[in-house]
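J.: For the protein sequence lines, the chains are A and B, in the order given. The opening position of the first sequence corresponds to residue 1 in the UniProt record's numbering, with each subsequent residue numbered one higher. The opening position of the second sequence corresponds to residue 1 in the UniProt record's numbering, with each subsequent residue numbered one higher. Ideal placement from N, C-alpha and C gives every residue a C-beta, glycine not left out. It should be emphasised that the depicted structure is a prediction, and the values quoted were computed from it without experimental measurement. Sharing a structure here in structure tokens format.
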Amino acid sequence: MSTAGATPLESVVPSALSLDPLVVGVILAMTIVTVIAKVGGIWFIRKIEVSERLEAGLTVLPGAVVIAVLGPELAAGGPAEWGAAGVVLVVMWKTESILLALCAGVLGVVAFRAVL
Amino acid sequence: MSANDNDPGDSLSSVSSDHAVDGEPTDPVKTPSDDDVTFRWDGIRAGILTGTPIAIGVGGYGIAFGVLANQAGLSVAEAALMSATVLAGASQIIAVELWADPIPIAAIVATTFAVNLRYSLMGAALQPWFRHLSPTQIYGSLLVMADENWALTMRELKSGSGRGAFLLGSGIVLWLFWVGSTVLGVFAGESVGEPERYGFDFVLAAVFVALAAELWEGKSSLVPWLVALATSIIAANVLPGRWYILIGGLAAAALEVIRHDR
Numbered sequence: 001m002s003t004a005g006a007t008p009l010e011s012v013v014p015s016a017l018s019l020d021p022l023v024v025g026v027i028l029a030m031t032i033v034t035v036i037a038k039v040g041g042i043w044f045i046r047k048i049e050v051s052e053r054l055e056a057g058l059t060v061l062p063g064a065v066v067i068a069v070l071g072p073e074l075a076a077g078g079p080a081e082w083g084a085a086g087v088v089l090v091v092m093w094k095t096e097s098i099l100l101a102l103c104a105g106v107l108g109v110v111a112f113r114a115v116l
Numbered sequence: 001m002s003a004n005d006n007d008p009g010d011s012l013s014s015v016s017s018d019h020a021v022d023g024e025p026t027d028p029v030k031t032p033s034d035d036d037v038t039f040r041w042d043g044i045r046a047g048i049l050t051g052t053p054i055a056i057g058v059g060g061y062g063i064a065f066g067v068l069a070n071q072a073g074l075s076v077a078e079a080a081l082m083s084a085t086v087l088a089g090a091s092q093i094i095a096v097e098l099w100a101d102p103i104p105i106a107a108i109v110a111t112t113f114a115v116n117l118r119y120s121l122m123g124a125a126l127q128p129w130f131r132h133l134s135p136t137q138i139y140g141s142l143l144v145m146a147d148e149n150w151a152l153t154m155r156e157l158k159s160g161s162g163r164g165a166f167l168l169g170s171g172i173v174l175w176l177f178w179v180g181s182t183v184l185g186v187f188a189g190e191s192v193g194e195p196e197r198y199g200f201d202f203v204l205a206a207v208f209v210a211l212a213a214e215l216w217e218g219k220s221s222l223v224p225w226l227v228a229l230a231t232s233i234i235a236a237n238v239l240p241g242r243w244y245i246l247i248g249g250l251a252a253a254a255l256e257v258i259r260h261d262r
């Protein structure tokens, strides 16, 4: 089973399929709150009357969420991450291919981290 | 430029032609009619095809999660169960980092909820398209929603393709890679180094940079984006967890609601 014969983790392999009832319970609780989070927003929006005002707010939501995810993450990074983000932007503008942009960004971040 | 508004691959030119018409009191977003949004096999297939390269990248995180779960003492079955049912990478990684003996159940569950509350906002952002689908289609698709395939789906729907099943298709392939890479990660244990070495930790940021490039609608995006940027960075420095995503998104949306009828 274990291909790496040198691994000292003997406890892992025999118990690979073990399911501790308490651990399963915690995982189920995590699942329930995650499902509530995933469906809750659209459930709420569907319940209420969406006015034109609210719709204007919803319209900017996708971009705002993207920026709110990205801003602190890039701010916490360094020149390597900022440079790679720039590479993604440039490739995106030139090619409009998300795959090319991603590959360039990941290669870019590895290269910048090695250099900077 | 204006002739190819229906070309699904041409989102940039159709977006840039939108904001040129100003002073128009009507809704700036092209509101899809009922016929525009479908839930069919071609959407699932497009989601799988477009989602696969992203899912491979997400596999880098999955291996990292598996390694951490193994160190926390979870079995292969337990780690795979968590990936299969929770399907939310950041919250899972934080959960296994909090893992201890005895398990701090309340802290883990509360943190998971706080970290994943941003999905409520992401789901709500899909409403302009999803309101044409049935509740089963909506809530079924949302079960496999994660950051990466939400981002891909926003891009797809903004392009006007109307493929409502895209979230489900891209979610299925993401789920497969997430669970598979978790199992790999647990077995790899400590033999795998840090994901930083291969740039895998940058995949999520890269997806969002690419998405931001596509969601940019010119001048009208500037104020809400600056508000989201400023509030999220401040909130990230003041508050724990991932509350900053909710706060940044809500601040921009609230401002837009307030200044709607200037």
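So, is residue 19/A buried or exposed, given that buried needs 16 or more other C-beta atoms within 10 angstroms?
T.: As a working note, residue 19/A is residue 19 in the first sequence. Exposed: under 16 other Cβ atoms inside 10 Å.
J.: Quick one, which residues of the segment 77 to 93 of chain A are near chain B if we go by CB-CB under 8 Å, in chain order?
T.: Listed by position, the residues of the segment 77 to 93 of chain A near chain B (Cβ gap below 8 Å) are 77, 81, 84, 85, 88, 89, 92 and 93.
J.: How about residue 56/A: is its C-beta nearer than 7 Å to some C-beta of chain B?
T.: The sequence position of residue 56/A within the first sequence is 56, counting from 1. Yes, contact with chain B.
J.: Since I believe residue 229/B is in contact with residue 71/A (beta carbons under 8 Å), could you give me their beta-carbon distance rounded to a whole number of angstroms?
T.: One-based indexing of the first sequence puts residue 71/A at position 71. One-based indexing of the second sequence puts residue 229/B at position 229. Right, their Cβ atoms sit about 4 Å apart.
J.: Considering residue 34/A, what are the terminal residues of the alpha helix (DSSP H) in which it resides?
T.: Stepping through the first sequence from its first residue, residue 34/A is reached at position 34. Segment 21 to 47, the alpha helix (DSSP H) holding residue 34/A.
J.: By DSSP, does residue 163/B sit in helix, in strand, or in coil?
T.: If you number the second sequence from 1, residue 163/B lands on position 163. Correct three-state label for residue 163/B: strand.
J.: How big is the Cα-Cα spacing for residue 114/A and residue 98/A?
T.: Position 114 of the first sequence, counting from 1, holds the residue named residue 114/A. Position 98 of the first sequence, counting from 1, holds the residue named residue 98/A. Roughly 24 Å between the two C-alpha positions.
J.: Would you say residue 21/B reaches chain A, if we count a Cβ-Cβ gap shorter than 7 Å as a contact?
T.: The residue labelled residue 21/B in the question sits at position 21 within the second sequence. Reliability fails at residue 21/B, whose pLDDT of 39 lies under 50, so the model's placement of it is uncertain and no value is given.
J.: Among 130/B, 141/B, 150/B and 183/B, which residue has its Cα nearest to the Cα of residue 162/B?
T.: By one-based count along the second sequence, residue 162/B stands at place 162. For the residues 130/B, 141/B, 150/B and 183/B, the minimum Cα distance to residue 162/B belongs to 130/B.
J.: What separation, rounded to the nearest whole angstrom, lies between the Cα atoms of residue 154/B and residue 126/B?
T.: As a working note, residue 154/B is residue 154 in the second sequence. As a working note, residue 126/B is residue 126 in the second sequence. Their Cα atoms are separated by approximately 7 Å.
J.: Flag residue 48/A as yes if its beta-carbon sits less than 7 Å from any beta-carbon of chain B, otherwise no.
T.: Position 48 of the first sequence holds residue 48/A. No, residue 48/A does not count as interfacial toward chain B.
J.: For residue 107/B, count neighbouring C-beta atoms within 10 Å of its own C-beta (all shown protein chains included) and say buried if the count is 16 or more, exposed if not.
T.: Mapped onto the second sequence, residue 107/B falls at position 107. With fewer than 16 other Cβ atoms within 10 Å, it is exposed.
J.: Measure the C-alpha to C-alpha separation of residue 80/A and residue 90/B and round it to an integer number of angstroms.
T.: Numbered from 1 along the first sequence, position 80 holds the residue referred to as residue 80/A. Numbered from 1 along the second sequence, position 90 holds the residue referred to as residue 90/B. Rounded to whole angstroms, residue 80/A to residue 90/B spans 22 Å at the Cα level.
J.: Between the segment 195 to 208 of chain B and the segment 54 to 70 of chain B, can you find at least three pairs of beta-carbon atoms closer than 8 Å?
T.: Result yes; three or more Cβ-Cβ pairs closer than 8 Å.
J.: Does the beta carbon of residue 26/B come closer than 7 Å to any beta carbon on chain A?
T.: Counting from one through the second sequence, the residue named residue 26/B turns up at place 26. The predicted model places residue 26/B with a pLDDT of 43, which falls under 50 and marks its position as unreliable; any figure quoted below should be read in that light. No, residue 26/B lies away from the interface with chain A (no Cβ there is under 7 Å from its Cβ).
J.: Using only the alpha-carbon positions, how far apart do residue 73/B and residue 182/B sit?
T.: Locating residue 73/B in the second sequence gives position 73, counting from the first residue. Locating residue 182/B in the second sequence gives position 182, counting from the first residue. Those two C-alpha atoms are separated by around 14 Å.
J.: 7 Å is my cut-off, CB to CB: does residue 15/A come that close to chain B?
T.: Working through the first sequence from its first residue, we reach residue 15/A at position 15. At least one chain B Cβ lies under 7 Å of residue 15/A.
J.: How would you list, in chain order, the residues of chain C whose beta-carbon sits under 8 Å from the beta-carbon of residue 61/A?
T.: The structure shown has no chain C; the protein chains it does contain are A and B.
J.: Just checking: is the beta-carbon of residue 109/B within a distance shorter than 7 Å of some beta-carbon in chain A?
T.: Within the second sequence, numbered from 1, the residue matching residue 109/B stands at position 109. Yes, because at least one Cβ of chain A sits closer than 7 Å to the Cβ of residue 109/B.
J.: Is it true that the CB of residue 202/B sits closer than 7 Å to the CB of residue 106/A?
T.: Walking along the first sequence from the start, residue 106/A turns up at place 106. Walking along the second sequence from the start, residue 202/B turns up at place 202. Taking 7 Å as the Cβ cut-off, residue 106/A and residue 202/B qualify as a contacting pair.
J.: In the DSSP output, which residue or residues are listed as bridge partners for residue 182/B?
T.: For the purposes of this step, residue 182/B is taken as the residue at position 182 of the second sequence. Paired residues: none, contrary to the question.
J.: Could you name the residues of the same chain whose beta carbon sits closer than 7 Å to that of residue 115/B, not counting the 5 residues immediately before and after it, in chain order?
T.: On the second sequence, position 115 is the one that residue 115/B refers to. Taken in chain order, the residues that qualify are 90, 91, 94, 241 and 242.
J.: Leaving aside the five residues before and after residue 247/B along the sequence, list all residues of the same chain whose C-beta is less than 6 Å from its C-beta, in chain order.
T.: Taking the first residue of the second sequence as position 1, residue 247/B is located at position 247. Only 231 and 235 meet the Cβ criterion.
J.: Please classify residue 261/B as buried or exposed, where buried requires at least 16 other C-beta atoms within 10 Å of its C-beta.
T.: Your numbering for residue 261/B matches position 261 in the second sequence. Exposed: under 16 other Cβ atoms inside 10 Å.
J.: To which residues of the same chain is residue 123/B closer than 6 Å at the C-beta, ignoring the five residues directly before and after it?
T.: Sequence index remark: in the second sequence, residue 123/B carries index 123 (1-based). These residues qualify, in order along the chain: 142.
J.: Report the option in 77/B, 158/B and 85/B whose CA atom is closest to the CA atom of residue 32/A.
T.: Taking the first sequence and counting its residues from 1, one reaches residue 32/A at position 32. For residue 32/A, the nearest C-alpha among the options comes from 85/B.
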